[in-house]
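Colleague: Got a structure here, written out as structure tokens. Questions coming.
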Amino acid sequence: MNKAINPCIRCGKERIKGKETTIPNAYSDIKSTMYICPDPECQKKVEEELAAKAAKRQSFIDKRIHFSKKNKK
1 MNKAINPCIR
11 CGKERIKGKE
21 TTIPNAYSDI
31 KSTMYICPDP
41 ECQKKVEEEL
51 AAKAAKRQSF
61 IDKRIHFSKK
71 NKK
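Below is the structure:
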């Protein structure tokens, strides 16, 4: 049997199951599972890196929306 490989993006250790949530939908339930690094310090740094990337992405979106509104006037 082949084991699924799910390494940490920073240190390469096998990630473990963290938080699991179920979101009810009109027709079925959606199950979402978050996997985390077993090393708490590494996980903290990964979350900081992901937050920085998300903030950068959001700033580009905000600039694009502002620019498109500016040109419509």
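Note that full-length UniProt numbering gives residue 30 to position 30 of the sequence shown, counting from 1, and the numbers run on in steps of one. Yeah, the Cβ is synthetic: ideal placement off N, Cα and C, and Gly gets one too.
1) What three-state label does DSSP hand Asp62 in the structure shown?
2) In terms of DSSP beta bridges, what is Glu14 paired with?
3) Roughly how far, in whole angstroms, is the beta-carbon of Arg15 from the beta-carbon of Ile30, given that I think they are within contact range, below 8 Å?
4) For Ser28, which of helix, strand or coil comes out of DSSP?
5) Using only the alpha-carbon positions, how far apart do Thr22 and Ser32 sit?
Modeller: So, from the listed chains and residues:
1) As a working mapping, residue 62 is identified with position 62 in the sequence shown. Three-state DSSP puts Asp62 in a helix.
2) The sequence position of residue 14 within the sequence shown is 14, counting from 1. Answer by DSSP bridge pairing, in chain order: Pro7.
3) Position 15 of the sequence shown, counted from the start, is the residue given in the question as residue 15. Position 30 of the sequence shown, counted from the start, is the residue given in the question as residue 30. In fact, because the Cβ distance is near 21 Å, the residues do not count as touching under 8 Å.
4) Residue mapping note: residue 28 aligns to position 28 of the sequence shown, counting from 1. DSSP places Ser28 in coil when its eight states are reduced to three.
5) By 1-based counting over the sequence shown, the position of residue 22 is 22. By 1-based counting over the sequence shown, the position of residue 32 is 32. Cα-Cα distance, rounded: 6 Å.
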